[in-house]
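Right, one structure below, let's go through it.
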């Protein structure tokens with residue numbers, strides 16, 4: 008049985024009786040896949056690296072349930088990122104495709120990362136909640152945590168999904184969708200028209216069909232639809248990437264969540280009763296196991312559309328509330344599909360054949376502690392990656408890695424349009440080829456901060472970030488960020504003044520793929 012009190016984003020930490028000061032060459036905030044790749048690379052270059060992690064979970068989404076890797080083009084993945092997938096291949100006994108393996112269990116990914124950190128002699132400090140950044144002359148001196156601990160370093164890397172260090176350091180950023188005309192794009196801003204993950208039947212949005220005065224079903228908003236391409240502050244939906252199994256020897260039934268309310272799923276029930284059952288369709292088996300990576304699919308699924316807008320700039324208490332709401336919604340949906348009589352018996356039986364794996368996330372009741380924060384803050388720097396880069400209309404001369412995934416956004420809003428439910432914001436537009444990511448997009452403007460790299464919340468528009476924001480790419484950029492930090496320390500210069508020729512030479516030496524032909 009799950010102890011729901013263990014599944015948290017934030018647990019306040021009191022000030023320590025004797026706060027410690029940790030000194031290193033490179034301090035990485037965030038033990039995401041990018042943070043781990045950065046730490047390993049810094050160690051390989053002879054630097055002392057430390058990781059301060061907000062929570063207790065190590066590995067971000069890569070160990071947080073996203074076992075069906077989003078890639079785009081495997082040939083674009085090099086360096087430490089490819090080493091990780093080769094290490095998975097070794098664990099699973101894979102000999103083809105260069106020994107790489109792309110579908111994996113969270114516990115196996117976690118074990119690889121822990122071994123890497125031990126081999127690199129990288130200390131990880133969990134439950135460190137960033138409270139203050141001390142800086143002078145555009146240079147971060149130390150970062151101070153809620154419990155009083157401080158981390159001092161010559162270089163800092165923000166590897167969080169939210170860009171918390173970047174924001175507290177005073178670096179410019181954006182939240183939401185830019186209007187198309189800001190960066191001469193066509194897929195940014197409000198976006199109607201894509202058929203995927205939208206309603207395939209006419210669904211009445213009102214509690215009593217046909218009666219607006221009865222109120223809207225939960226999850227539907229009467230916000231102004233706005234025009235195609237308009238900018239707003241909305242953020243694409245979050246969910247959990249849920250590891251499930253149908254192995255009867257390892258399966259735990261879905262428990263009733265702590266704040267379960269079946270009315271939260273009235274819209275889903277109405278959609279199923281209209282004849283559409285696809286909420287668990289994106290349910291990819293991670294061979295050779297009987298576990299799956301469950302993701303959102305269809306008009307009403309695990310994406311908690313419109314309920315994450317406060318997350319990017321929210322304080323920790325706000326994020327904890329939103330985390331619990333997402334957790335209850337996702338687990339509650341699975342419980343609802345198994346037990347509610349509005350759901351046909353055949354579907355209830357189908358869903359009940361699955362459950363939570365008893366051998367995953369044993370410290371958090373077999374549920375991943377990592378919310379899928381698909382997008383939060385995005386830095387604004389000297390180079391902003393845009394749709395024009397994704398389409399190869401505009402190319403950069405200072406590549407630090409390639410992105411290869413579709414220009415992708417999950418839905419941002421669920422609206423009433425013409426008396427029916429419509430989801431808005433989904434984009435899925437393929438690339439012509441992998442494209443290079445500019446070094447200047449992972450470092451702030453020189454007049455804002457000279458010793459900070461941002462490989463996750465990099466400088467990109469909403470739609471370009473939708474292509475870049477994949478775990479293999481975050482590992483690539485984390486490695487490149489650490490390489491740049493090492494070269495800056497060696498040359499005693501600002502990150503903005505690193506000799507790109509030397510950076511490129513070292514990245515290629517270490518197996519990074521920087522160009523596509």
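Residue numbers (this note's numbering): 8 to 524. Ideal Cβ positions, reconstructed from N, Cα and C, are used throughout, including at glycine. Quick caveat: nothing in here was measured; it's all calculated off a predicted structure.
So is residue i buried or exposed if we call it buried at 16+ other beta carbons inside 10 Å?
i, result
"residue 310", "buried"
"residue 499", "exposed"
"residue 303", "buried"
"residue 478", "buried"
"residue 367", "buried"
"residue 373", "buried"
"residue 474", "buried"
"residue 362", "buried"
"residue 317", "exposed"
"residue 219", "exposed"
"residue 204", "buried"
"residue 348", "exposed"
"residue 143", "exposed"
Near residue i, what residues of its chain come up, given a Cβ to Cβ distance below 8 Å and the 5 sequence neighbours on each side ignored?
i, result
"residue 180", "170, 173, 174, 384, 385, 386, 387 and 464"
"residue 431", "197, 198, 199, 232, 418, 419, 420, 421 and 422"
"residue 215", "221"
"residue 509", "494"
Name, in chain order, the residues that DSSP records as bridge partners for residue i.
i, result
"residue 448", "Per DSSP, none; premise fails for residue 448."
"residue 406", "445"
"residue 362", "252"
"residue 6", "Residue 6 is absent from the model: the chain starts at 8 and stops at 524."
"residue 477", "DSSP output for residue 477 lists no bridge partner at all."
"residue 140", "150"
"residue 424", "427"
"residue 218", "215"
"residue 315", "Answer is none; residue 315 lacks a bridge partner."
"residue 460", "164"
"residue 223", "213"
"residue 386", "180"
"residue 159", "30 and 149"
"residue 246", "379"
"residue 502", "None, per the DSSP bridge assignment."
"residue 259", "363"
"residue 239", "184"
"residue 110", "75"
Excluding the 5 residues preceding and the 5 following residue i in the sequence, name in chain order all residues of the same chain whose CB lies nearer than 7 Å to its CB.
i, result
"residue 48", "87, 486, 489 and 490"
"residue 155", "22, 23 and 26"
"residue 319", "169, 182, 242, 383 and 384"
"residue 20", "134, 136, 153 and 154"
"residue 149", "141, 157, 158 and 159"
Can you list, in chain order, the residues of its chain with a C-beta nearer than 6 Å to that of residue i? Leave out the 5 residues immediately preceding and following it.
i, result
"residue 376", "64"
"residue 165", "36, 172, 173 and 461"
"residue 84", "479"
"residue 330", "16 and 378"
"residue 338", "264"
"residue 446", "405 and 407"
"residue 52", "493"
"residue 34", "57, 158, 160 and 163"
"residue 355", "345"
"residue 95", "108 and 111"
Provide the residue span of the alpha helix (DSSP H) that contains residue i, from first to last.
i, result
"residue 325", "323-346"
"residue 173", "171-175"
"residue 396", "394-397"
"residue 305", "Run containing residue 305: none; DSSP gives neither H nor E here."
"residue 512", "507-516"
"residue 185", "From DSSP, residue 185 is part of no alpha helix (DSSP H); its letter is neither H nor E."
"residue 43", "40-51"
"residue 278", "273-280"
Need the endpoints of the beta strand (DSSP E) that residue i sits in, please.
i, result
"residue 298", "298-301"
"residue 97", "Segment 86-99 is the alpha helix (DSSP H) holding residue 97; no beta strand (DSSP E) there."
"residue 291", "290-292"
"residue 57", "56-59"
"residue 416", "414-416"
"residue 434", "434-436"
"residue 116", "Careful: residue 116 lies outside any beta strand (DSSP E), inside the alpha helix (DSSP H) at 113-126."
"residue 285", "Note, residue 285: premise wrong, no beta strand (DSSP E); not H, not E."
"residue 131", "130-132"
"residue 35", "28-36"
Run the proximity test for residue i: is its beta-carbon closer than 7 Å to any non-hydrogen atom belonging to the ligand NAD?
i, result
"residue 315", "This structure does not include the ligand NAD; it has no bound ligands of any sort."
Measuring CB atoms only, is the stretch 177-194 touching the stretch 227-244, in the sense that at least three cross pairs come out at less than 8 Å? Yes: at least three Cβ pairs fall under 8 Å.
Does the contact criterion of 3 or more C-beta pairs under 8 Å hold for the stretch 342-352 versus the stretch 260-271? yes
Should the stretch 98-110 be regarded as contacting the stretch 279-295, the criterion being three or more beta carbon pairs within less than 8 Å? The stretch 98-110, when compared against the stretch 279-295, does touch it at the 8 Å Cβ threshold.
Using a Cβ distance threshold of 8 Å, determine whether the stretch 435-447 contacts the stretch 398-412, with at least three qualifying pairs required. yes
For the 8 Å Cβ check, are there 3 or more pairs between the stretch 71-83 and the stretch 245-252? yes
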